[in-house]
Each structure stands twice: as C-alpha cells, then as structure tokens.
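First residue of the sequence shown: 1, per UniProt numbering; consecutive thereafter.
Even for Gly, the Cβ is constructed at its ideal location relative to N, Cα and C.
Please read these numbers as outputs of a predicted model, since none were measured by experiment.
Inspection log for the structure reproduced underneath, given as structure tokens.
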Amino acid sequence: MDNLSEALKKLKITSTDSTADSLEGCLDCLLQALAQNNTETSEKIQKSGVLQVFASLLMPQSSCTAKVANIIAEVARNEFMRNPCVDAGLIPPLVQLLNCKDQEVLLQTGRALGNICYDSHEGRNAVDHAGGAHIVVDHLRSLCSKTDPASEKLLTVFCGMLMNYSNENDTLQSQLINMGVIPTLVKLLGIHCQNAALTEMCLVAFGNLAELESSKEQFAYTNIAEELVKLFKKQIEHDKKEMIFEVLAPLAENDVIKLQLVEAGLVECLLEIVQKTVDSDKEDDIAELKTASDLMVLLLLGDGNCIHMVDNGIVQKLMDLLDRHVEDGNVTVQHAALSALRNLAIPVVNKAKMLSAGVAEAVLKFLRSEMPPVQFKLLGTLRMLIDAQAEAAEQLGKNVKLVERLVEWCEAKDHAGVMGESNRLLSALIRHSKSKDVIRTIVQSGGIKHLVTMATSEHVIMQNEALVALALIAALELVTAEKDLENAQLVQILHRLLSDDRSAPEIKYNSMVLICALIGSGEYSGEAASQDLCMQYSSLLQLNTEHVQTQCDWFSVNNGCRQKGSVHYDSIVSICSVKDEAVNSVLDINCRNLPLASVGCS
C-alpha cells in the first residue's frame, strides 16, 4: 500500500508533466492494487482526488488511455464510486473515446461507462446527456457481422453497457427502441448464437426491452421467434432456459409474435419439457414445469394460433399427456393441458374436430378430481366444446354422472369459479341441445333450482343464459320441471327482475318470454299473471327496445292490459298455444350477442 500511496501522489502532482513511462508505472500500480483489494483501493483513490486527474488523461492519442479507462471501470464496480465518477467529470471524455478506433480503448471505455450506469440514475443521465447510447448502438451495427474473438468481446461489453444504461428505465428503453436497437440485437443473436457470453447479454437486453409495447411492434418485424426457439432447443441448463422464458413470456402477449412462436415450434418444445419434468421432484424441474405449462397456455390464445395448432395435431399430444395423469396425476399438468384444450376449443372451426378426436371423453375422465383448479378448467373446456354443437350437448346432457357432478359443484360455495362454471355448463347443455331428454336428466338430478338461482346472478351474461335455458324448459318440458320451478320460486324471482330498475333490457325481455311461457301452463297461469304485471308492463313499454315492446304487446293482448285491437296484435306469437313457436321466440335472443360491451361469454 506504500507503493499505492506513492503512485497516487505522483499521479496527482505530476500527471501533466510526467512521461508516458512514469504514468504507466503509476497506473499499473493502481491496477495491481485494485486486483488485490478493489474496495479499499477505490476508497483511497476517491480520497486522494485522483479521479479529477483521470479526466485529463482520457485522450485518444495517449498510450495510457486504455489503462485509465480500465481503472475507472474497476473502481466503478463499487456503488459508492459511481456518483464520484460522474462528479469528477469523467463521462464526457469517456463518451468521446467511443469515437476512437482502438479496440482496447473501446473495450475499457465500454466497461467504464457500463459500470458507472449500473443502478445509478446520475450515471445514466450523464451518459444520456453526452450522447453515449447513440454511439454504442452505431458500433453494434458496424460490428454485428464480425465473428473474431476481439469483436465478439467488444460486442458483449457494448450490449452490457446498454443493458445497464436502460435497465428498469422506460424512458431510456424507449430511446434505444427509437434508435432501432432491436433488429440489431436480434441479428446479433442469430450470428453469434455459439458465443455464450454474448448470447446471454442479448437475452438480458431483450428482457429489459420486451415489456414495452413499442418494442413488441419492432420485434414482430424481426425473426426473433425463430431465433429464440432455435436457441431454446439447444439449452440444457435450467438457468439458460429460464433466461429465454423471461424473454418469451412478454413477447408472447403480442398476437403477431405469438403466432410466429407457434409456427416456429415453441408449443412442441414446451410439451417436451412438460413430459420430461413432470415426474421429477427436483426444485428446478418443478419450476420449469410450471413456467412451461403457463407459457403453453398463453400461446394457445387467439383464433389464428388455435386453428393452426389443431390442424397440426396438438390435440392428440395434449390428450396423450392428460391420459398419463388421470389417476393421481400432476395437478400442474392437468390444469395446463385442460387450459390449453379449452383455449383450442374457442374457434368455431375447431369444435367439431376436437369432438371427433375424443376430447370430451378425455376430459370427462377428470370428473372425479377434487382439485378446484382442475374442476374449473374441465368445466370451461366442456362448455367451449358444446357451443352450437347440438349433438355433443345432447350426448353430454344425458350423461347422468356428469349432470350429477355439475349439480354437486353448483353448491361449491368455497370455490366461486367452479360454482359459476357448473351453472353455466348446466345452462349450456339445455341451450345448445334443445333436448327434452337433457331437460329431464337435469330435472331428475336436481339441477333446476340452480338455474333459477343463476337467474339472480350479479353477472348479466349468467342471468341471461339462465333465463334462456329456463324458457326452453318451460316451452319443451314444463310438466316435468313444474314442481322444481315452483319450489325454487321462479315466478317471484321473475317479478323481481321485471320490477328492478337495474335489470338490463335483455334480462327484462327474457323474463317476459318466460312469464308468457308460464302463462300457457294451467298450473302457472294465475300466479304468473297476478302480481301487478300490468303495472310492470306499463313501465316496460317505456324501454326503447323492440324485443321488450313486442313481448309486452303479446302480454297485454293475452292479459287484458290493452285492447285486442292493438296495431301489434297480428304480429304477436302465441307462446301459450304453439310450443314450437315459443322455442323460436326464446331462441331469438342469443346470449353471445348481447349489447353489453363489458360482458363476455367465454
């Protein structure tokens, strides 16, 4: 340390007059001391005031410049030294050195700037003000295609510098994106995929940038999907796969990139990971299984992706995976595979193909599951599959074990998601099958009361689905369901819905449809028409909704609230006397086309 003190004194006193040899000797002494004890040596350098001297030594033509930059890079590894480096005025001369041609000077300058920027707001601002990022991006472009070791090392340092410069700073990340850094980084990844250090630095840079929406637009115009999938296939180590996962997850939120990843074969890669890690009890494997499962489900969203994957045979692979995990299987795998199948079943063109492939039968094997996440996805998958698929809906609706399980889950108050999906599937079985046999099965299994309760849901879409199903029951099989409907106080609930100012127009309309159907029943006619419906009818006429007014016209004609001479009389459909026409009236309301922007059906 005596030599260090002497070197610091000599640098401070004679830096402007010393020969290159004597300066280099002092600088070598500092580098040696830093190598032995970086923290203590950095403290001595700060106290000596030598940092200010370094600014004058950072000259492109000097032979000592690279060593000075190296010393700055080393001291800036310490958090407490970064602001002093900025305060000593080192950033402007360092940025100027980025314009020189000497690779060693560029290397050490890139290290110095990168270390000063690390977790330092002041360092980043100073580099930004001096225009350092723009010069570095230009270097990346010019060096991108060079594969010699010195160039790859310099590229790695410059990528690291930009990463430290922009990390967790949206403004600086946007600046880099606007400079067009993304296509350059993607090109780097493709050319230098054999260089582990440079590849890792590119991935970290991608991870920094990929969260911004503006970056995804640029990524979509590159071959990032192909490069990442190609790189992913080569990886063996967990930490390297994890790095790629961290880039893939935000990118997969973009519909264009999602499709590119699917077409590049990422889903197959993820399935392979799931199959390899599913039986492992290693912590890394369990984490990788969860990440791969979640990402696979994310990729299988969007009609384009789902249609593509079904056409390419993904359904059979998922069913094979599920088949191995029916008895005491891995819940993560069950949940992921069922989630994927549910998403795949959303596009209309996929439903018949998936039903033909036996997806419904594969899913029904999990009816015995006691795990709510699995139950929830099972129900959602079946509901998606039978949408507008009458034959499948009837087949499932006559499955007593399924219906009994649904009725049981309709009472799962501890799991609101399962309870809600069970109710929706019960309703869907009736709405899509329009089958008397299905209605009888649901009545015999005790499901009617749950449909009536569903009509009071806080969610308009669920209310409407319940009312449509109940109207079909009234039109097709009222005698069988009559007692259960009465016990569930259906009429009283309908009166409440009609008199509630908060009820949406389509809810009031379907309530009227159902009231009219019940009036056609000898048992229900008095009760359905008795409770001040004429007053409710008058208020409904104020609604500017064609369906509601038409139904009100029918009600008024058949219950004496208006004269039979009404101009609407000839257009009224008599639901009481013609059951098939009642069905048609019910079906006029399609729950998937409600005028509610905030309500979804999926």
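Can you list, in chain order, the residues of its chain whose CB lies under 6 Å from that of residue i, leaving out five sequence neighbours each side?
i: residue 480; result: 440 and 443
i: residue 100; result: 60
i: residue 195; result: 152
i: residue 156; result: 197, 198 and 201
i: residue 86; result: 122, 123 and 126
i: residue 82; result: 76, 116, 120 and 123
i: residue 490; result: 452
i: residue 50; result: 8, 11 and 12
i: residue 347; result: 303, 306 and 307
Assign residue i to buried or exposed, taking buried as 16 or more other Cβ atoms, counted over all protein chains shown, within 10 Å of its Cβ.
i: residue 433; result: buried
i: residue 459; result: exposed
i: residue 241; result: buried
i: residue 93; result: buried
i: residue 121; result: exposed
i: residue 60; result: exposed
i: residue 291; result: buried
i: residue 4; result: buried
i: residue 207; result: buried
i: residue 108; result: buried
i: residue 293; result: buried
i: residue 493; result: buried
i: residue 487; result: exposed
i: residue 484; result: buried
i: residue 548; result: Bear in mind that the predicted position of residue 548 carries a pLDDT of just 46, short of 50, making it too unreliable to give a figure here.
i: residue 368; result: exposed
i: residue 386; result: buried
i: residue 70; result: buried
Helix or strand or just coil, what does DSSP make of residue i?
i: residue 292; result: helix
i: residue 58; result: coil
i: residue 95; result: helix
i: residue 103; result: helix
i: residue 84; result: helix
i: residue 221; result: coil
i: residue 282; result: coil
i: residue 166; result: helix
i: residue 146; result: coil
i: residue 456; result: coil
i: residue 118; result: coil
i: residue 243; result: helix
i: residue 378; result: helix
i: residue 275; result: helix
i: residue 462; result: helix
i: residue 662; result: Residue numbering for the chain in the displayed model covers 1 to 602; residue 662 lies beyond these limits and cannot be assessed.
i: residue 327; result: coil
i: residue 232; result: helix
Once the 5 residues before and after residue i are set aside, which same chain residues still bring their CB inside 7 Å of it?
i: residue 128; result: 172
i: residue 150; result: 103
i: residue 124; result: 117, 165, 169 and 172
i: residue 39; result: 78
i: residue 415; result: 372
i: residue 182; result: 209, 215, 218, 219 and 222
i: residue 309; result: 262, 267, 300 and 344
i: residue 55; result: 88, 89, 90 and 93
i: residue 250; result: 210 and 211
i: residue 427; result: 451, 454, 465, 466 and 469
i: residue 353; result: 310
i: residue 350; result: 306, 307, 310 and 344
Considering only C-alpha positions, which residue in the set the options is nearest to residue i?
i: residue 503; options: 461, 447 and 85; result: 461
i: residue 48; options: 256, 84, 361 and 8; result: 8
i: residue 179; options: 23, 192, 162 and 453; result: 162
i: residue 67; options: 37, 86, 110 and 89; result: 110
i: residue 158; options: 367, 89, 133 and 65; result: 133
i: residue 430; options: 71, 211, 143 and 393; result: 393
i: residue 411; options: 447, 245 and 126; result: 447
i: residue 130; options: 146, 98, 140 and 147; result: 98
i: residue 246; options: 203, 287 and 454; result: 203
i: residue 6; options: 69, 404 and 44; result: 44
i: residue 24; options: 37, 388 and 10; result: 10
i: residue 363; options: 391, 387, 321 and 348; result: 321
i: residue 190; options: 213, 147, 174 and 175; result: 147
i: residue 338; options: 365, 184, 114 and 272; result: 365
Excluding the 5 residues flanking residue i on each side, which residues of the same chain have their C-beta closer than 8 Å to its C-beta?
i: residue 417; result: 372 and 376
i: residue 257; result: 216, 219, 220, 224, 225 and 251
Original post:
Taking three-plus beta-carbon pairs below 8 Å as touching, is the region 417–424 in contact with the region 366–383?
Top reply: Counting Cβ pairs under 8 Å, three or more are found: they touch.
Original post:
Touching or not, the region 224–232 and the region 276–291, by the rule of three or more beta carbon pairs under 8 Å?
Top reply: Between the region 224–232 and the region 276–291, the count of C-beta pairs closer than 8 Å stays below three; the two stretches do not touch.
Original post:
Are the region 324–337 and the region 301–315 touching by the rule of at least three beta carbon pairs closer than 8 Å?
Top reply: Below 8 Å, too few C-beta pairs join the region 324–337 and the region 301–315 to call them touching: fewer than three.
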